[in-house]
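J.: In our numbering, the protein residues as written are -13 to 225.
After the structure tokens below, expect a handful of questions from me.
Below is the structure:
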């Protein structure tokens, strides 16, 4: 499969490494210094584009791919409030989009367990829940897209929580607290904690590096190849 990379930071380079290991070809690399290459002959050779940039760039990058009939795997977070608009634009062009707040297979298993665990905890009294997330100092969005997905899964299944808040000193009882921290080069740490007077239950994902995220993005590119429509990790993993 021929792959175009949009964004060539640490994640883009890791994705390149994984793609080559899986015998794919990197035919085009678009970064901030050559954004006009969406119309290059090299970009047209690609079967799928994989995009890891910044929230302010992601929307435009996706639309350029839709217009050029290029399936795209988007790994950028921070734009998901615009998902209905992006979905409409994708369908209007009969395009293909794969998006996820996190491409780690382990994290997506965590999303599934998180919802199930919340449905059980909803029947119990005396527990309060919060989310903690830690990332490297270069991550611009806060809270992380992964933490927001975890929060949405909790709110969907816990009657006591109706909205999430980020780093609020004294949240209301109906508010789900997300504690965000940016520290060093931490690739990603997420924890859902249920605490009572008697015990604490924790659901944790601790990434050891970027390789898992890059692998998931390449798997997503393989999944979306020759498909039309909008897909997520739930489709690929059949959770």
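Just so you know, even glycine gets a beta-carbon here, dropped at the ideal spot from N, CA and C.
(1) If you draw a straight line from the alpha carbon of residue 165 to that of residue 129, how long is it in whole angstroms?
(2) Distance, Cα to Cα, residue -3 vs residue 111?
(3) Taking the CB atoms as reference points, tell me whether residue 59 and residue 207 lie closer together than 7 Å.
(4) Within its chain, find whatever has a CB closer than 6 Å to the CB of residue 82; leave out the 5 residues flanking it on each side and keep chain order.
(5) Check for me: the beta strand (DSSP E) holding residue 3 runs from which residue to which?
(6) If we ignore side chains and look at the alpha-carbon of each, how far apart do residue 173 and residue 159 end up?
(7) Could you work out which residue in 87, 182, 201 is closest to residue 134 when comparing CA atoms only?
(8) Assuming residue 68 contacts residue 36 (C-beta within less than 8 Å), just tell me the rounded distance between them.
(9) In this structure, how does DSSP classify residue 215 when only helix, strand and coil are distinguished?
(10) Would a C-beta distance cut-off of 7 Å place residue 180 and residue 96 closer than the cut-off?
(11) What is the DSSP secondary structure of residue 115, reduced to helix, strand or coil?
(12) With DSSP as the reference, identify every bridge partner of residue 12, one or two as the case may be.
(13) For a test of the three-state rule: what should DSSP assign to residue 54, helix, strand or coil?
(14) Whether or not the segment 134 to 154 and the segment 197 to 207 are in contact is what I'm after, with contact meaning three or more pairs of Cβ atoms, one per stretch, closer than 8 Å; do they touch?
(15) Please return the same chain residues whose Cβ sits closer than 6 Å to the Cβ of residue 148, not counting the five positions on each side in sequence.
(16) Measuring only between beta-carbons, confirm whether residue 215 sits less than 7 Å from chain D.
(17) Just to confirm the assignment: which complete alpha helix (DSSP H) runs, minimum length 4, are found wholly within the segment 130 to 209?
(18) How far does the alpha helix (DSSP H) with residue 84 in it reach, from first residue to last?
(19) Beta carbon of residue 94, beta carbon of residue 219: below 7 Å?
(20) Over the uninterrupted alpha helix (DSSP H) stretch that includes residue 91, give me the two end residues.
(21) Determine the direct distance from the alpha carbon of residue 27 to that of residue 141, and round the result to whole angstroms.
T.: The short version:
(1) One C-alpha to the other measures close to 8 Å.
(2) 42 Å
(3) yes
(4) 57, 210, 213, 214
(5) Segment -4 to 7 is the alpha helix (DSSP H) holding residue 3; no beta strand (DSSP E) there.
(6) 31 Å
(7) 87
(8) Residue 68 to residue 36, Cβ: 20 Å. No contact.
(9) strand
(10) No. Outside cutoff.
(11) In the structure shown, residue 115 adopts extended strand secondary structure according to DSSP, grouped into three states.
(12) Looking at the DSSP assignment, residue 12 forms a beta bridge with -11.
(13) coil
(14) no
(15) 160
(16) This model lacks chain D altogether, as it is built from one protein chain only.
(17) As for any alpha helix (DSSP H) of minimum length 4 sitting wholly inside the segment 130 to 209, the runs are 131 to 143, ordered along the chain.
(18) Where residue 84 is concerned, there is no enclosing alpha helix (DSSP H), although the beta strand (DSSP E) around it starts and stops at 82 to 85.
(19) yes
(20) 91 to 107
(21) 47 Å
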